[in-house]
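Counting along the sequence shown from 1, when you hit position 95 you're at 223 in this note's numbering, and nothing is skipped either side.
Here the structure comes first, spelled out in structure tokens, and everything after it is commentary.
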Amino acid sequence: MPDTLRIAWSSTHQEFLITDSYYFSILAKESQKQGLIIEEVSEFPSLFLYDVIVFNYPEQPFSEEEISQIKRAVIEGHKRVIFAAHFQNKDNVAYICSQVAQHFGMRASPGEVMDRENCLIDDPYIIVTSNVLTYNQGVQKVVFPYTAPIEIYGPARIVLKGMATTYTKEGQASPILMAERVLAGGGSFLLSGSCVFWDNFSIGQLDNLKFILNLLKGPF
Numbered sequence: 129m130p131d132t133l134r135i136a137w138s139s140t141h142q143e144f145l146i147t148d149s150y151y152f153s154i155l156a157k158e159s160q161k162q163g164l165i166i167e168e169v170s171e172f173p174s175l176f177l178y179d180v181i182v183f184n185y186p187e188q189p190f191s192e193e194e195i196s197q198i199k200r201a202v203i204e205g206h207k208r209v210i211f212a213a214h215f216q217n218k219d220n221v222a223y224i225c226s227q228v229a230q231h232f233g234m235r236a237s238p239g240e241v242m243d244r245e246n247c248l249i250d251d252p253y254i255i256v257t258s259n260v261l262t263y264n265q266g267v268q269k270v271v272f273p274y275t276a277p278i279e280i281y282g283p284a285r286i287v288l289k290g291m292a293t294t295y296t297k298e299g300q301a302s303p304i305l306m307a308e309r310v311l312a313g314g315g316s317f318l319l320s321g322s323c324v325f326w327d328n329f330s331i332g333q334l335d336n337l338k339f340i341l342n343l344l345k346g347p348f
């Protein structure tokens, strides 16, 4: 990994913004301590000047040309791209994320994930899981609120799954919550079912901070 990793947090498609300190001040501060510089970027072409590109809850659909640029950035430019969705296809975000993610063998379902046993503050949508399969150095459990289930149908790997007590609205147990496609050239595409696992509430819970830092640093 470079000494300083530059991360573009997109504001090009009406995303939740890193500059909204009510939600993301801890993420910005803790990342900087680790040499991860997160900058909000409003011009789409400028995103690809960074090592990592984050689209957190994009509400505006991507054009075919934009999708092609993202694919080239991952495949040819060896960039790391992260998309974060939300449960119940709120604001059509799961579908918008899936328009891009399907090119990497995964999609965010328009459904929801619940766990009435492993959850916080008696909210079954604020699930807790120890099934952290990747980026798990120093990580035992994470909280993963309001997540969509992830479907994979290609060479993507599972990053995070629900517990045996976790289920989708359709009754599927232990659903996938986060998946990633890592390419031989070094680029990667990651799809998260939740966009709030790194907000100011979640980041201080359990091992979320360590997991988030591991994830942002990626497979470099």
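Cβ atoms here follow ideal geometry from the backbone N, Cα and C, with glycine treated the same way.
Report yes if the CB atom of residue 215 is closer than 9 Å to the CB atom of residue 183, and no otherwise. The residue labelled residue 215 in the question sits at position 87 within the sequence shown. The residue labelled residue 183 in the question sits at position 55 within the sequence shown. Contact flag unset, no.
Given 8 Å as the limit, is there contact between the stretch 286-293 and the stretch 223-237, that is, 3 or more CB pairs closer than that? no
What three-state label does DSSP hand residue 295 in the structure shown? Taking the first residue of the sequence shown as 1, we reach residue 295 at position 167. Residue 295 falls in the strand class under three-state DSSP.
Report the rounded CA-to-CA distance for residue 146 versus residue 326, giving the unit in angstroms. Working through the sequence shown from its first residue, we reach residue 146 at position 18. Working through the sequence shown from its first residue, we reach residue 326 at position 198. Inter-residue distance for residue 146 and residue 326 is about 10 Å (C-alpha atoms, whole angstroms).
Near residue 170, what residues of its chain come up, given a Cβ to Cβ distance below 7 Å and the 5 sequence neighbours on each side ignored? Along the sequence shown, one-based indexing puts residue 170 at 42. Taken in chain order, the residues that qualify are 139, 140.
For the putative contact between residue 305 and residue 340, defined by C-beta atoms under 8 Å, what is the C-beta separation to the nearest angstrom? Within the sequence shown, numbered from 1, the residue matching residue 305 stands at position 177. Within the sequence shown, numbered from 1, the residue matching residue 340 stands at position 212. That belief does not hold up - the Cβ atoms of residue 305 and residue 340 are roughly 14 Å apart, past 8 Å.
Quick one: is the Cβ of residue 317 within less than 8 Å of any heavy atom of the ligand ATP? The ligand ATP is not part of this structure, which contains no ligands at all.
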